[in-house]
Amino acid sequence: MTDITFISADQSWQEESTIYWFEVKNCHYLCYVETIGVVEGRNAGLVWDDGDPIPQGETRDHLERHLEVTDEIRRQAHGLGGES
């Protein structure tokens with residue numbers, strides 16, 4: 278089973294985007310624990326930890342099915358806290 282943990286977010290006003298970073302473990306498509314970014318805004322998509330886009334293919338398809346930026350993650354990323 279793929280284990281996914283939200284780590285942090287980077288917002289770029291210049292790029293008009295936010296990258297939400299996740300640690301991905303136990304993914305049979307990846308050899309190691311990887312940090313994967315989900316880009317929202319301009320140039321939306323998935324990126325490796327160096328910012329390079331993840332190419333189309335089985336690995337990307339698998340990650341797209343499992344990585345989700347929820348409203349809770351957005352609140353955490355923007356310092357608005359969680360549920361009370």
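Per the working numbering, residue 278 is the first one in the sequence shown, and the count goes up by one each step. Glycine included, C-beta positions come from ideal geometry on N, C-alpha and C.
Practice item. Determine, using beta carbons only, whether residue 338 comes closer than 8 Å to chain C. Key: Protein chain content of the structure displayed is limited to a single chain, and chain C is not contained in it.
Check your understanding: What three-state label does DSSP hand residue 344 in the structure shown?
Key -> Coil, per DSSP.
Practice item. Output the distance between the C-alpha atoms of residue 318 and residue 303, rounded to the nearest integer angstrom. Key: Looking at the two C-alpha atoms, the distance is approximately 28 Å.
Check your understanding: For residue 320 versus residue 294, is the C-beta distance shorter than 8 Å?
Key -> Going by beta carbons, residue 320 and residue 294 fall inside the 8 Å limit.
Check your understanding: Quick one: what's got a C-beta closer than 6 Å to residue 314's C-beta in the same chain, skipping five residues either side?
Key -> 296, 298, 324.
Point to revise | Boundaries of the beta strand (DSSP E) in which residue 287 is found, first to last residue | key: DSSP places residue 287 inside the beta strand (DSSP E), whose first and last residues are 280-289.
Practice item. In the DSSP assignment, find the beta strand (DSSP E) that holds residue 292 and state where it starts and stops. Key: No beta strand (DSSP E) holds residue 292; DSSP gives it neither H nor E.
Point to revise | For residue 329 and residue 350, the rounded distance between their alpha carbons | key: 22 Å
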